[in-house]
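So the structure is just underneath, and the comments pick up after that.
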Ligand code: NAD
């Protein structure tokens, strides 16, 4: 095993590419956008230097930021971010746009969202490739992220014709109670680096359909995805002679904080860490704004005694290592029945070994494990492994930083830790999984639920009783409670989000659209006489 681990770094040399991207990596000084192999960036309308604020026209007077390829460390292009003053102006313009947009019939708004979806279909290949390049996720995941935006557009088109209120029976004769859903106003979307396209898509498609305007601030380290995506949307708005109902202000913490504090932003949909989300939640609440919080996870995969182990191993592999451990739904803990524990760990390590030749640049054809996003992720990875070792954990696989340009780490399996060890209870955004040994499903559920976060969870079991216990009141306390599938990789049709420190928000499908609306309860008296509810008499002759 040790010799095998020592050889890991040597094994991950560059290989054949989907495109000719590899050859250009040798010239380390120039921006990737200037190289012919990266012409897909120009197809998206990107340039060497890009304005990062859109409010009907493009500008950017804040600090310029360079976007880097996490797979090589090379600069891709730069974005001129917005400053606080530009953000405030953009909010004003987005509020004005809302006042026009809310008058447009919902199915007509749906038609605009349909056009956005169609435009995304046209640009799926280059935009997905940019997502891969800028985040570090592999080619198919970059494509999949854009597909998610396309899917939610399709969903929103249907929604535009069917979302509705209701008619409620009144206790008073010839009275009717109506319930109507009206737009909130301006929806501010602050997104995280790991889903720089889909999170905006989930929010924008539903917010637009329900009659809101949108102001987006993407993560500072993925500004090119924000700019390229907004260009695609802005083109649809321009062709339809619409005001800027989608706006963008790229920026750092100052821009984010100003957006969160501004009363004109009726709903803040925030995706990011629990730490930042807690501050955002408090700030928005201070001004009685609405907030959707989509925060960190610490997701467990439970392997019951009756589990289909082959399937569970495949789920663990994608769950723990997909996106190099940087999904909010990544499997961070595997809780295995004590009878299966040792054989499961052995088999999992065997699977991990098979992935070694598949570690590489995110745009290489055969890569399944790309880099992590930044040096900070690498440092957090190292820190977590050191802490795990100091707490008595054993590195069953991986554990080291891979020495090559870019930010690569070995996918890592750690055993032997206590279920409540500090490092086990923390979300480390890297491909590290802690395997824990439990006596039975009851204990596994207890451990699943004892962490602060409550995003995703999954059980592998062939026992129907255990399956129903898992989804019942005494089961998993998470927002996502899967059976015989992965903790990660949700579809757009369900409501997505989690409980406790994950923030309680729900986005995407089901009835998540209601969060983008204000509810009006309307009592209509068509009796010709005034009558109070509950039989109260209050009148004078
Ligand atoms: P982060 O919290 O560092 O940043 C998220 C966004 O918040 C960025 O755009 C950032 O610029 C902005 N921001 C930072 N400080 C702010 C402040 N004080 N006020 C307003 N905005 C501020 O998160 P990250 O490192 O980009 O992303 C990783 C985290 O996001 C992980 O914890 C992950 O689990 C979580 N995440 C959750 C979901 C979900 O749906 N639950 C999805 C993706 C990522």
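In this note's numbering, the protein residues as written are 166 to 706.
We treat Cβ as the ideally placed atom computed from N, Cα and C, and that holds for glycine.
Assuming residue i contacts residue j under a Cβ cut-off of 8 Å, what Cβ separation, rounded to an integer in Å, is found between them?
i           : j           : result
residue 306 : residue 462 : That pair is no contact at about 17 Å.
residue 474 : residue 509 : 7 Å
residue 205 : residue 291 : 4 Å
residue 393 : residue 210 : 7 Å
residue 407 : residue 256 : Their Cβ separation, rounded to whole angstroms, is 18 Å, which puts residue 407 and residue 256 out of contact at 8 Å.
residue 529 : residue 502 : Their Cβ separation, rounded to whole angstroms, is 38 Å, which puts residue 529 and residue 502 out of contact at 8 Å.
residue 262 : residue 681 : Contact flag wrong, Cβ pair sits at about 16 Å.
residue 644 : residue 663 : 4 Å
Are the beta-carbon atoms of residue i and residue j separated by less than 9 Å?
i           : j           : result
residue 271 : residue 375 : yes
residue 564 : residue 536 : no
residue 413 : residue 229 : no
residue 514 : residue 562 : yes
residue 580 : residue 606 : no
residue 227 : residue 213 : no
residue 327 : residue 282 : no
residue 666 : residue 443 : yes
residue 553 : residue 597 : yes
residue 313 : residue 459 : no
residue 300 : residue 436 : no
residue 690 : residue 337 : yes
residue 441 : residue 653 : no
residue 384 : residue 363 : no
residue 600 : residue 549 : no
residue 405 : residue 241 : no
residue 360 : residue 490 : no
residue 419 : residue 249 : yes
residue 266 : residue 410 : yes
residue 298 : residue 203 : yes
residue 568 : residue 401 : no
residue 688 : residue 341 : yes
residue 217 : residue 422 : no
residue 349 : residue 683 : yes
If you drop the 5 nearest sequence neighbours on each side, which residues of the same chain put their C-beta closer than 6 Å to that of residue i?
i           : result
residue 275 : 322, 325 and 374
residue 288 : 397
residue 636 : 646
To which residues of the same chain is residue i closer than 7 Å at the C-beta, ignoring the five residues directly before and after it?
i           : result
residue 425 : 433, 445, 448 and 449
residue 238 : 570 and 571
residue 540 : 572
residue 675 : 659 and 660
residue 311 : 285, 289, 292, 293, 296 and 362
residue 193 : Residue confidence is low: residue 193 scores 45 on pLDDT, short of 50, so the model does not pin down where it sits. Its coordinate-derived value is still stated next. Result list for residue 193: 239, in chain order.
residue 551 : none
For residue i, count neighbouring Cβ atoms within 10 angstroms of its own Cβ and tell me buried if that reaches 16, exposed if not.
i           : result
residue 428 : exposed
residue 332 : exposed
residue 618 : buried
residue 527 : buried
residue 222 : exposed
residue 492 : buried
residue 171 : With a pLDDT of only 37 at residue 171, under 50, the local geometry of the prediction cannot be trusted, and the value read off the model is given with reservation. So residue 171 counts as exposed.
residue 353 : buried
residue 169 : Only weak support exists for where residue 169 lies, its pLDDT of 38 falling under 50; the value from the coordinates is given anyway. Looking at its Cβ environment, which holds fewer than 16 other Cβ atoms inside 10 Å, residue 169 is exposed.
residue 186 : Confidence in residue 186 is poor, its pLDDT being 42 and thus under 50, which makes the residue's placement unreliable; the coordinate value appears in the next sentence. Under this definition residue 186 is a buried residue.
residue 685 : exposed
residue 706 : exposed
residue 201 : exposed
residue 488 : buried
residue 603 : buried
residue 697 : exposed
residue 719 : Residue 719 lies beyond the stretch modelled for the chain, which goes from 166 to 706, so this question has no answer here.
residue 273 : exposed
residue 631 : buried
residue 175 : Confidence is the limiting factor: at residue 175 the pLDDT is only 36, short of 50, which leaves the residue's position unreliable, though a coordinate-based value still follows. It counts as exposed.
From the DSSP output, read off the bridge partner residues of residue i.
i           : result
residue 580 : 559 and 600
residue 686 : 344
residue 302 : Its beta-bridge partners do not exist; DSSP assigns none.
residue 459 : 436
residue 660 : 673
residue 231 : 243
residue 625 : 468
residue 414 : 218
residue 665 : 618
Please go through the same chain and pick out, in chain order, the residues whose beta-carbon is closer than 8 Å to the beta-carbon of residue i, but skip the five residues on each side of it.
i           : result
residue 286 : 315
residue 641 : 610, 613, 614, 622, 624 and 635
residue 512 : 474 and 478
residue 582 : 553, 556, 557, 558, 588, 589, 599 and 601
residue 130 : An answer regarding residue 130 cannot be provided, because it is not within the stretch 166 to 706 covered by the chain.
When you compare the CB of residue i with every CB in chain D, is at least one pair closer than 9 Å?
i           : result
residue 209 : Note that chain D does not occur in the displayed structure, where there is just one protein chain.
For ligand 2, I want to know if residue i counts as a neighbour, meaning its beta carbon is within less than 8 Å of at least one of the ligand's heavy atoms.
i           : result
residue 531 : Absence of ligand 2 from the depicted structure is noted, with ligand 1 being the only ligands included.
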